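Written below as structure tokens is the structure these notes are about.
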Amino acid sequence: MEQIDWADFLKVELRVGRIIQAEVFEQARKPAYILHVDFGHEIGIKKSSAQITERYQPELLLGKLVVAVVNFPNKQIGPIQSECLVTGFHDSDAGVVLCVPDTDVPVGTKLL
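Using UniProt numbering, the first residue of the sequence shown is number 1, and each one after it goes up by one.
Printed below as a string of structure tokens:
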């Protein structure tokens, strides 16, 4: 495992956001959703493509808090620009489980 220093870690903007819209990403090569995540006034709403279809239904994602990297450059994924990276972990079945706070925190809060 490569070691990083504290300055490297401080460059990563991991923020809490709330999913306000989730839809099937019809044009994706692998099953995915397009998520619209609200990070509050400072950052705003950002889109992300997320391959989380095995464990989540779009309607059940609405209102869910997630942790995302918000300072990556935008990435073209098919017809959309992904503006943040929603984080998660692979489970034992190779599905993705979202990284979420275990209690309510304000949107936009930075991981310390």
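For every residue, glycine included, the Cβ atom is placed at its ideal position computed from N, Cα and C. Quick caveat, the model's predicted, so the values are computed rather than measured.
Item	Value
Start-to-end residues for the alpha helix (DSSP H) that takes in residue 113	The question about residue 113 has no answer, for the chain in this structure spans 1 to 112.
K11, enclosing alpha helix (DSSP H) - first and last residue	6–11
Own chain, CB closer than 8 Å to Q57, minus 5 neighbours either side, in chain order	none
Bridge partner(s) assigned by DSSP for L35	A22, S48
Short Cβ contact (9 Å threshold) for C84 with F39	yes
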